[in-house]
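Below: the structure, in structure tokens.
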Amino acid sequence: MVVNGSMQGYIEGSKGLIQGDHLSPYLFVMAIEVLSKMLDSAAQEGKIADHPLCSKIHLTHLGFAYDLVIFLKGDVDSLKVVMNIFDSFYEISSLKLNPSKSELFCAGMDEVKVQEISSINGFKRGTFPVKYLGVPLISGRLSDKDCRPFMEKIASRIESWATQKLSYAGTP
């Protein structure tokens, strides 16, 4: 380290971050952006087949914080490509997918094909309905009944804001 133009001491470099480091979330987001680009690239190159309901808008994945949802056509080749992307991502980032915290959701597929796909990734089998970010996900179209608890929660929050008195402190 140079202080006032002369060498003073030595700081040894190391790999990784100290737990609780303020840079950690930012570095994680940057790393996940690389994973997102890898998935996008594979989809654009035709290596990943779009889920039939997502092909019109080319939706391959959604990510928020530590959650990632990937939408695929239920074929073995696409899943193998995604698993290879996860392996490549681990090699460059040291961030590894945890299969015990991952789930596979299938709809409209025969059981033999689901078993074949499940054997590739080792994920436990998820069942619908499931909540993602508080919103119910089902294999079909969402109905009013499916969304009612979510909408009631939003309405309740808005109502609580409306009943709070605003502070005029600091205003002329």
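With my numbering applied, the sequence shown corresponds to residues 43 to 214, in that order.
Where a beta carbon is used, it is the ideal one built from N, C-alpha and C, also for glycine.
Given the structure is predicted, the values throughout are model-derived calculations rather than measurements.
Close Cβ partners of residue i (< 7 Å) along its chain, the five nearest in sequence each way excluded
i      : result
Gly105 : Ile74 and Ser78
Val118 : Glu158, Ile159 and Ile162
Phe128 : Leu139
Residue i (DSSP reduced to helix, strand or coil)
i      : result
Ile200 : helix
Pro67  : helix
Lys173 : strand
Asp82  : helix
Arg190 : helix
Ile53  : coil
Leu95  : coil
Leu184 : coil
Leu104 : strand
Leu121 : helix
Ile60  : coil
Leu77  : helix
Proximity below 7 Å, CB of residue i to CB of residue j
i      : j      : result
Cys148 : Val156 : yes
Met151 : Gly182 : no
Thr102 : Leu121 : no
Glu145 : Phe165 : yes
Contacts around residue i, its chain only, beta-carbon distance under 8 Å, and the 5 residues preceding and following it disregarded
i      : result
Leu184 : Pro178
Asp109 : Tyr174 and Leu175
Tyr132 : Lys138 and Leu139
Phe192 : Gly176, Val177 and Pro178
Ser142 : Lys166
Gly168 : Glu145, Leu146 and Phe147
Buried or exposed by the 16-neighbour rule on C-beta atoms within 10 Å, applied to residue i
i      : result
Gly62  : exposed
Phe170 : exposed
Ile159 : buried
Leu69  : exposed
Leu114 : buried
Cut-off 6 Å between Cβ atoms - residues of its own chain near residue i, not counting five sequence neighbours on either side
i      : result
Val123 : Ala84, Lys89 and Ile90
Task: Entirely enclosed alpha helix (DSSP H) segments - the stretch 128 to 164, minimum 4 residues - done: Correct list: 153 to 163.
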